[in-house]
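> The following block contains the structure, expressed as structure tokens.
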Amino acid sequence: MDSVIYDIKKVCFGYGNTRILHDLDLTFEPGMLHAIVGPNGSGKSTLLDLMSGHLMPTSGSMKISGTPVSDHSSPRLARLIALVPQEFDFNFPFSVFDAVLMGRHPHIPRFSHPSDKDMSLVDTAMKKTDTAHLADRILAELSGGEKQRTVFARALAQNTPALLLDEPTASMDIRHTLVAMTELKRLARKENRTVITVLHDLNLAAEFCDRIIMLNKGRIHAQGTVAETLTTDTIRDVFGVHADFIDTPNGLHISYGIKELP
Amino acid sequence: MTAVSRIQTARAGLIIALLAISLGVLVVIATGMGFIPIAPGEILGALWDGLRGAADSIDPLHQSVILEVRLPRILTAVSVGFGLAVAGTVFQGLLLNPLADPFTLGVSSGAAFGAALALLLGLTFFGSTTLCVMAFAGATITLFAVIGISGRDGELSPTNLILSGVIVSAILSAGLSFIKYLADERVAVIVFWLMGSFVSRTWNDLLLTAGVGLAGFAVCLYYSRDLNIMSLGTRSAKSLGVDTGRTRMILLLTASLISAVCVSVSGIIGFVGLIIPHLMRFVVGPENRWLLPASGFGGAILLLTADTLTRAVLPHEVPIGVLTALIGGPVFCWIFSRTRSGKRHG
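Chains as they are written, first to last, in this note's numbering: chain A, 1 to 262; chain B, 1001 to 1346.
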């Protein structure tokens, strides 16, 4: 599998007169788990939309392995990048198995049936996300966390060098969250993939991610390792809360509080 | 593939085969029914003679009743039913709306307006096909207007399409009411045309509807997997490699053209395109590769049954749109309530 490098230069984006992202300069390299953090409305999801080719930058360049994202055809892009969106809808009574198999769509030629390789990737993805026992259930009837695991399985089955995830564990229980984050870390470290995930839970970001990009009001406030980016100062400046760092047997834990309540 | 989905695939194939066979049997039975009853053996003989181009084995009167009167009408009803149900399936899949049908984008209002205009002004520049041509022109102009209003961003989002379809339809309905008001004594002709009928259809009508219907069906089937994936919403479908804007445009044009041809030949026959896709989704599931053919055959069966009832069983011809709802409605209610009660709650 090719590895993928994202090269983002001077990217701006806005709707009408509302500027959402200002002059972003970023690089995402393979082999690392990147987290994008920031308060509501800081432009995290918009950045993922630009990176997945769903939106086009107002100005600046957004390249994936040297080629502008918009120059790739949709099928080609789908073989490079898998997306786990924040919101997903299932409009017809497809089964969990059908939905995960859809992840193989960009790899299956139009008049072909899924190959043994497709089937084994679907199988592995479902085992990794603990959705195998749900295979024949109708998507719409699942719980929120089970739906999210199905979408996660679909992205794994897509088997792309880059993965973009928007709050992939927001509805998952504690155990499935840790399993999913461990898998993302494994994909980045062991399989040299470029994995970029938006996270709200700073503790999760601190525990699993190699690099943190902290956005605030559409600009990069801080980027670098966990120690460089998640500090009492940055958290106060960006999120407006007080943070304490506590050493626990499970690693460093960030505890938050609002000092002066209005 | 899991064992269950393999069984589902086999089951879907079997259901489609059964529907196709039922349709074939129904065509033969329907051809035998009417003012002059004809035995099934004789019908098959006439068909064989017709194919060979010779006519010697059966009564020439029966031969001409079968080949010149009944078959064109019956097969036109079959094609229109097939086309409307396939178009309805595509519209529901594209617009992600269970209330969508072949006429959601105003194709029917456009056709109605065109036909009513032809009837009001007594236009005859294309001879007997003028009505058909005007209806088709009305339908396609409306379609392009709706796409033009909603498709400026190249994405054709379902919400925009439905909204512009509703607006354009509302304008045309007002125009239609005005034409009816102007038409005085000719209003009955317009009203009857609007309710749909297969009376005295010819081989040309059949060729047109079957040709466009089958070609359109092939296009829809070609994009069936993309249509499955588009049910996940635009963002997810794009990330799975579906060029959503382009696919939507192609499928909308195809399904609308099928509907436009059907409407121009038979008038406005509602219900088939709305209910049959739902009915078949209960039976064969949401996979469009199976759903499209199953809906096609289902629509053909419903429309042929309705047309045969009005032609050969009832003492007077009743508008076919009324019958499709009267037959299809209860069947739908029965299957709908059965599926609901079979499901767990929560």
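Cβ coordinates follow ideal geometry from the N, Cα and C atoms, glycine included.
Are the C-beta atoms of P1293(B) and some chain A residue less than 9 Å apart?
Taking the second sequence and counting its residues from 1, the one referred to as residue 1293(B) is at position 293. For P1293(B), the answer is no, since every Cβ of chain A falls outside 9 Å of its Cβ.
> Residues in its own chain within less than 7 Å of A1306(B) by CB, not counting five upstream and five downstream?
Working through the second sequence from its first residue, we reach residue 1306(B) at position 306. Same-chain partners within the cutoff: I1320, L1323, T1324, I1327.
> Kindly indicate the opening and closing residues of the alpha helix (DSSP H) around Y256(A).
Counting from one through the first sequence, the residue named residue 256(A) turns up at place 256. Counting along the chain, Y256(A) falls outside any alpha helix (DSSP H), though it belongs to the beta strand (DSSP E) covering 251 to 257.
> Grouping DSSP H, G and I as helix and E and B as strand, with all else coil, what is T223(A)?
On the first sequence, position 223 is the one that residue 223(A) refers to. Just to set this straight, residue 223(A) is Gln in the shown sequence, not Thr. In the structure shown, Q223(A) sits in a strand (DSSP, three-state: E or B).
> Since P1277(B) and S1295(B) should fall inside the 8 Å C-beta cutoff, what is the C-beta to C-beta distance between them, to a whole number of angstroms?
Looking up residue 1277(B) in the second sequence gives position 277. Looking up residue 1295(B) in the second sequence gives position 295. Correct: roughly 5 Å between the Cβ atoms.
> Quick check on N216(A): does DSSP put it in helix, strand or coil?
Translated into positions along the first sequence, residue 216(A) becomes position 216. N216(A): strand per DSSP, three-state reduction.
> Measure how close the beta-carbons of G1088(B) and P1098(B) come, nearest whole angstrom, since I'm counting them as under 8 Å.
On the second sequence, position 88 is the one that residue 1088(B) refers to. On the second sequence, position 98 is the one that residue 1098(B) refers to. So it is not a contact: roughly 11 Å between Cβ atoms.
> Any idea if R1344(B) is buried or exposed, counting beta-carbon neighbours within 10 angstroms, 16 or more meaning buried?
For the purposes of this step, residue 1344(B) is taken as the residue at position 344 of the second sequence. Interpretation of R1344(B) is limited by its pLDDT of 40, a score under 50 that renders its predicted location unreliable; the figure taken from the coordinates is listed afterwards. Exposed is the call here.
> The beta strand (DSSP E) with H22(A) in it runs from where to where?
Locating residue 22(A) in the first sequence gives position 22, where the first residue counts as 1. Counting along the chain, the beta strand (DSSP E) containing H22(A) begins and ends at 18 to 28.
> Whole angstroms are fine: how far does the CA of F1282(B) sit from the CA of P93(A)?
Counting from 1 along the first sequence, the entry for residue 93(A) is found at position 93. Counting from 1 along the second sequence, the entry for residue 1282(B) is found at position 282. Computed Cα separation, rounded: 9 Å.
> Assuming L24(A) and I220(A) make a contact with CB atoms under 8 Å, what is their CB distance in whole Å?
Working through the first sequence from its first residue, we reach residue 24(A) at position 24. Working through the first sequence from its first residue, we reach residue 220(A) at position 220. Yes, L24(A) and I220(A) are in contact; Cβ-Cβ is about 6 Å, under 8 Å.
> Kindly provide the ranges of any alpha helix (DSSP H) runs that are 4 or more residues long and lie completely inside the region 74 to 115 of chain A, ordered along the chain.
Counting only runs of 4 or more, we get 74 to 80, 96 to 101.
> Is E1287(B) close to chain A, meaning its C-beta is less than 9 Å from at least one C-beta of that chain?
Residue 1287(B) sits at position 287 when you count from the first residue of the second sequence. Yes, E1287(B) counts as interfacial toward chain A.
> Verify the CB distance criterion: does L83(A) have a CB-CB separation below 9 Å to chain B?
The count along the first sequence starts at 1 and reaches residue 83(A) at position 83. Chain B, which has a Cβ nearer than 9 Å to the Cβ of L83(A), makes this yes.
> Using DSSP bridges, identify the partner residues of R211(A).
Position 211 of the first sequence, counted from the first residue, corresponds to residue 211(A). For R211(A), which the question treats as bridged, DSSP gives the partners H34(A).
> With DSSP as the reference, identify every bridge partner of L163(A), one or two as the case may be.
Locating residue 163(A) in the first sequence gives position 163, where the first residue counts as 1. DSSP lists A82(A), V195(A) as partners of L163(A).
> Using the Cα positions of E191(A) and L164(A), report the straight-line distance between them to the nearest angstrom.
One-based indexing of the first sequence puts residue 191(A) at position 191. One-based indexing of the first sequence puts residue 164(A) at position 164. So the alpha carbons of these two residues sit roughly 16 Å apart.
> Would you mind reading off the limits of the alpha helix (DSSP H) that contains D130(A)?
Counting from one through the first sequence, the residue named residue 130(A) turns up at place 130. D130(A) -> no alpha helix (DSSP H), and no H or E assigned at all.
> Give the range of the alpha helix (DSSP H) segment to which T1305(B) is assigned.
Position 305 of the second sequence, counted from the start, is the residue given in the question as residue 1305(B). Element bounds for T1305(B): 1288 to 1308.
> A243(A) bridges to which residues according to DSSP?
Looking up residue 243(A) in the first sequence gives position 243. Answer by DSSP bridge pairing, in chain order: Y256(A).
> Would you mind telling me which residues of chain B sit closer than 7 Å to S263(A), beta carbon to beta carbon, in chain order?
Nothing can be reported for residue 263(A): it is not among the residues displayed for chain A, which extend from 1 to 262.
> Leaving aside the five residues before and after G60(A) along the sequence, list all residues of the same chain whose C-beta is less than 8 Å from its C-beta, in chain order.
Taking the first sequence and counting its residues from 1, the one referred to as residue 60(A) is at position 60. The answer, listed in chain order, is I8, K9, K10, V11, C12, D23, L24.
> Between V179(A) and chain B, is the shortest Cβ-Cβ distance under 9 Å, so that the two count as touching?
Here residue 179(A) refers to the residue found at position 179 of the first sequence. No, its Cβ sits nowhere closer than 9 Å to a Cβ of chain B.
> Go ahead and pull the three-state DSSP assignment for P1040(B).
Within the second sequence, the letter at position 40 stands for residue 1040(B). Helix.
> Between R211(A) and the rest of its own chain, which residues show a CB-CB distance below 8 Å, the 5 nearest in sequence each way excluded?
In the first sequence, counting from the first residue as 1, residue 211(A) sits at position 211. Here the set comprises M32, L33, H34, A35, Q223, G224, T225.
> How many Å lie between P109(A) and A78(A) at the Cα?
Numbered from its first residue, the first sequence carries residue 109(A) at position 109. Numbered from its first residue, the first sequence carries residue 78(A) at position 78. So the two alpha carbons sit approximately 13 Å from each other.
> At a CB distance below 9 Å, what residues from the region 1081 to 1099 of chain B approach chain A? Give them in sequence order.
The region 1081 to 1099 of chain B vs chain A, Cβ under 9 Å: Q1092, G1093, L1096, N1097, P1098.
> Report yes or no: is there a C-beta of chain A within less than 9 Å of the C-beta of N943(B)?
Because chain B is modelled from 1001 through 1346, residue 943(B) falls outside the range shown and cannot be assessed.
> Leaving aside the five residues before and after S45(A) along the sequence, list all residues of the same chain whose C-beta is less than 8 Å from its C-beta, in chain order.
As a first step, residue 45(A) is located in the first sequence; it is residue number 45 there, counting from the start. Q86, D166, V198.
> Under 7 Å Cβ-Cβ, which residues of chain A neighbour G1233(B)?
Numbered from 1 along the second sequence, position 233 holds the residue referred to as residue 1233(B). What G1233(B) touches in chain A: F88, D89.
> Name the DSSP bridge partner or partners of Y1181(B)?
Working through the second sequence from its first residue, we reach residue 1181(B) at position 181. Answer is none; Y1181(B) lacks a bridge partner.
> Have a look at K127(A) and F90(A) and give me their C-alpha separation to the nearest angstrom.
As a working note, residue 127(A) is residue 127 in the first sequence. As a working note, residue 90(A) is residue 90 in the first sequence. Each residue's alpha carbon lies about 22 Å from the other.
> Check this for me: beta carbons of A1300(B) and F1082(B), under 9 Å apart or not?
Counting from 1 along the second sequence, the entry for residue 1300(B) is found at position 300. Counting from 1 along the second sequence, the entry for residue 1082(B) is found at position 82. Yes; because the gap between Cβ atoms is below 9 Å, this pair is in contact.
> Could you tell me which of L1119(B), I1335(B), L1302(B) sits nearest to L1075(B), measuring between CA atoms?
The residue you call residue 1075(B) lines up with position 75 of the second sequence. It is L1302(B) whose Cα lies nearest to the Cα of L1075(B).
> Measuring alpha carbon to alpha carbon, tell me which residue in T27(A), T131(A), R76(A), A170(A) is nearest N159(A).
Counting from 1 along the first sequence, the entry for residue 159(A) is found at position 159. For N159(A), the nearest C-alpha among the options comes from R76(A).
> Among T232(A), N216(A), I235(A), which residue has its Cα nearest to the Cα of S42(A)?
For the purposes of this step, residue 42(A) is identified with residue 42 of the first sequence, where counting begins at 1. When only C-alpha atoms are compared, the closest one is N216(A).
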